[in-house]
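Structure first, then comments.
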Amino acid sequence: MADTFARVLGGPPLSVLARLLMLSLIVGALLMWLEIHPVEVIDSVARMVLRLWNMGFGAVRMVAEYVIAGAVIVVPLWLASRLFNVGRGAR
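Going from the sequence shown to this note's numbering is simple: count from 1 and add 357.
Below you can see the structure in the form of structure tokens.
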């Protein structure tokens, strides 16, 4: 069970947490350097969701198009990273 959990997370939970904290620190520093504050990001996402809600079913189609467009990039990269990690884990 713990092995499955670690495999889903991509490693031991504490290691994954440490990596996420470091990545969050780096991205947070970059955002602050660009003068983009977390409240502004959350507010922008909330406004986008509200606009999508107000648009109705046209928004569902638009979101689906965004998901498909993003998946064209994200899914192959994820699959490649998982395939490369399988070879590393067999050693």
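Positions of the beta carbon are idealized from the N, C-alpha and C atoms, including for glycine.
Everything numeric in this text was worked out from a predicted model, so none of it was measured.
- Of Ala363, Thr361, Gly367, Gly413, the smallest CA-CA separation from Trp435 is found for Gly367.
- Spanning the alpha carbons of Leu378 and Pro433 requires a straight line of approximately 25 Å.
- For Leu391, no alpha helix (DSSP H) encloses it, and the DSSP letter there is neither H nor E.
- Taken through DSSP and simplified to helix, strand or coil, Gly385 comes out as helix.
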